[in-house]
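Q: Whatever position you read off the sequence shown (first residue = 1), add 1 for the numbering used here.
The C-beta atom is built at its ideal place from N, Cα and C for all residues, glycine as well.
What follows is a structure written as structure tokens; I'll ask about it next.
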Amino acid sequence: MKQVTPREAFNKIKPESVAFVLSIDEADKPSGMIVAWQTKLSNDPPLFGVAISKKKYTHKLITSSKEFVVVLPGKDLEEELKVFGSVSGRDVDKFEGTGIKTEPAKHIKTPLLADAVVNFECRLHEIVETGDHDLFIGEILTSYINKDKKILFNIEKNGDNRTYGEF
Ligand SMILES: Cc1cc2nc3c(=O)[nH]c(=O)nc-3n(C[C@H](O)[C@H](O)[C@H](O)COP(=O)(O)O)c2cc1C
Numbered sequence: 002m003k004q005v006t007p008r009e010a011f012n013k014i015k016p017e018s019v020a021f022v023l024s025i026d027e028a029d030k031p032s033g034m035i036v037a038w039q040t041k042l043s044n045d046p047p048l049f050g051v052a053i054s055k056k057k058y059t060h061k062l063i064t065s066s067k068e069f070v071v072v073l074p075g076k077d078l079e080e081e082l083k084v085f086g087s088v089s090g091r092d093v094d095k096f097e098g099t100g101i102k103t104e105p106a107k108h109i110k111t112p113l114l115a116d117a118v119v120n121f122e123c124r125l126h127e128i129v130e131t132g133d134h135d136l137f138i139g140e141i142l143t144s145y146i147n148k149d150k151k152i153l154f155n156i157e158k159n160g161d162n163r164t165y166g167e168f
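This is how it looks when you write it as structure tokens:
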């Protein structure tokens, strides 16, 4: 076998599902980003984890608001995904810019995405400091699905170019 860096080996783990992670600022204004580093962690209590770089604006938002929404998109949110995954909420209002459709959550102020395949409404349970990324663990308060839609996966990454497909 060929020895490579962990980063090169990580990149080989494809396809991978991608998720929007949304939260709010002090004025309850929503913003968010895309993560591929995300996982179910527990059924009871229901926990979901996302790994977010310390540099990201969303890291700061969740640390202070203590709430977030995890959204698994389908192909119809691919264009919005490209915006949420490439520009920072420090510079751009991604919700206004994309006109992405939202719905109110039940227990938190962060909105859900209306056209998602899955929405998890989460209260921050714990932040595990890991390294250049931190693991944000959310307790799922409510989960929602659009049962006829399929989940979008990142199939390949070549430099900054990614290709996506539904499964
Ligand atoms: C497919 C894809 C997967 C990504 N996965 C992660 C991830 O797991 N963790 C992370 O910190 N950033 C990840 N990013 C990068 C952030 O989504 C991106 O830098 C975003 O613009 C950060 O926005 P913010 O500064 O408003 O929080 C990913 C981007 C894409 C396109």
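Is ASN44 helix, strand or coil by DSSP?
A: coil
Q: Please determine, among VAL5, GLU17, GLY100, ASN120, the residue with the shortest C-alpha to C-alpha distance to THR143.
A: Of the listed residues, the one whose Cα sits closest to THR143 is ASN120.
Q: Any heavy atom of ligand 1 inside 6 Å of the beta-carbon of ALA37?
A: yes
Q: Any idea if PRO105 is buried or exposed, counting beta-carbon neighbours within 10 angstroms, 16 or more meaning buried?
A: exposed
Q: In or out: THR111 buried (at least 16 other Cβ within 10 Å) or exposed?
A: buried
Q: In chain order, what residues of the same chain lie with their CB nearer than 6 Å to the CB of SER18, ignoring the 5 residues before and after it?
A: ILE152, PHE154
Q: So if DSSP puts ILE109 in a beta bridge, which residue, or which two residues, is it bridged to?
A: Paired residue(s): none; ILE109 is not in a bridge.
Q: Looking only at C-alpha atoms, which of ILE25, ILE146, PHE96 sits nearest to SER65?
A: If we check each option's Cα against that of SER65, ILE25 comes out closest.
Q: Just the C-alpha distance for GLY86 and LEU114, rounded to the nearest angstrom, thanks.
A: CA-CA distance, GLY86 to LEU114, rounds to 15 Å.
Q: Going by C-alpha distance, which of THR40, GLU27, ASP45, GLY33 is nearest GLY90?
A: GLY33
Q: Going by beta-carbon coordinates alone, are PHE96 and VAL22 separated by less than 7 Å?
A: no
Q: Please classify THR99: does DSSP put it in a helix, a strand, or coil?
A: THR99: helix per DSSP, three-state reduction.
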